[in-house]
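Chemist: Going by our numbering, the first residue of the sequence shown is number 128, and it counts up by one from there. All C-beta atoms in this analysis are idealised placements derived from N, C-alpha and C, irrespective of residue type, glycine included. If you scroll down you'll find the structure; I have some questions about it.
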Amino acid sequence: MKIENYYDRIDQYHTGELSDNDSKNFERELNSNEELRQAEELYRLSLNVLDYGVEENLRKDLKNWAAEGKDTAKGGRIISLRSMIVVLSAAASVLLLIFFAAPYFMPQPSPSELFATYYQTPEASNLRGGSVPQNAINAAKKALAEESYADAVEDLAKIPSGDPLYIEAQFYLGHAMIGLNNLPAAKNAFELVAASTEVKFQEKGEWNYLLVCLKADQWNDICEAKLTTIAQDADHSFSAQAKELLKKMK
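As structure tokens, then:
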């Protein structure tokens, strides 16, 4: 397919130089002639390139030169406007290729970068008062907000494993251990939360467990399978984030 074979009619159609009858005939042929349709699409793409890459006065000059049957470019070379359109059409195709292919050539983010993108510290809000374990939770959350991670660990250690708030305590303990860069302890805490039936924290435990595995550079097929399961579960609190993370890791 050569755009030169159709350029005059395509250009006349887009510039309004065709009569109403000729315009209708052109549109009918456009619907039935695949080669003409492709040439017309390339023509429009070339105009888009012109819009971005050529100043208004140069575009006017190109039209004037086309009317005269020649085009003077840098260095005194003589080229036709048809040739210019063909070149610009090719350039437009290259631009489209670069636009759509760019994500595949971008460097994959490091595990630490991915962790930093998706990890969130717990909010020190919704504090409740009352029992000793609850007071310990509140103190730990306050310490976390102040980045006093060792104090948070000390407060959370006051909550025994049989206490109703133990799973919540382990959730905050995992975050405190991340702050202390004790990733094995953080991983253990979140794994315990993920294995629980505590609705408020179970899914958070699953997600943060995977993030710690990522940060600790301990990602494996089991982690990949768990992340895929979360991504495919539309009801999971972190389904959207899991889908994004999967794409970035490919």
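Among the residues of its own chain, which have a CB less than 7 Å from the CB of T248, if the five just before and after it don't count?
Modeler: L271, H302
Chemist: With a 10 Å radius around its C-beta and 16 neighbouring C-beta atoms as the bar for buried, classify V339 as buried or exposed.
Modeler: Counting other Cβ atoms within 10 Å of its Cβ, V339 reaches 16 or more and is therefore classed as buried.
Chemist: Comparing C-alpha positions only, which one of Y299, L292, K285 sits nearest to K269?
Modeler: Y299
Chemist: For F440, which residues of its own chain have a beta-carbon under 7 Å away from its beta-carbon, when the five flanking residues on both sides are left out?
Modeler: This structure does not reach residue 440, given that the chain is present from 128 up to 377, and the question cannot be answered.
Chemist: Just to confirm before moving on: does the CB-CB distance between Q297 and A316 stay below 9 Å?
Modeler: yes
Chemist: Is it buried or exposed, E182, if we count other Cβ atoms within 10 angstroms and call 16 or more buried?
Modeler: For E182, the predicted structure reports a pLDDT of 44, less than 50, and the residue's modelled location is therefore unreliable. The matter cannot be settled from this model.
Chemist: Quick one: using the 10 Å Cβ neighbour count with 16 as the cut-off for buried, is I264 buried or exposed?
Modeler: Taking every protein chain shown into account, the CB of I264 has 16 or more other CB atoms within 10 angstroms, so this residue is buried.
Chemist: Please classify Q368: does DSSP put it in a helix, a strand, or coil?
Modeler: helix
Chemist: Kindly indicate which residue of E274, N309, T324 has the alpha-carbon position closest to the one of I294.
Modeler: T324
Chemist: For the alpha helix (DSSP H) containing E295, name the first residue and the last one.
Modeler: 293 to 306
Chemist: Got a sec, what are the start and stop residues for the alpha helix (DSSP H) W334 sits in?
Modeler: Looking at the DSSP string, the run of the alpha helix (DSSP H) that includes W334 is 326 to 342.
Chemist: Short of 7 Å in beta carbon distance, which residues of its chain neighbour E156, apart from the five on each side in sequence? Order them along the chain.
Modeler: L163
Chemist: Should V320 go down as buried or exposed, given a rule of 16 or more other Cβ atoms within 10 Å for buried?
Modeler: Flag for V320 reads buried.
Chemist: Starting from Y134, follow the alpha helix (DSSP H) in both directions and report where the run begins and ends.
Modeler: 134 to 141
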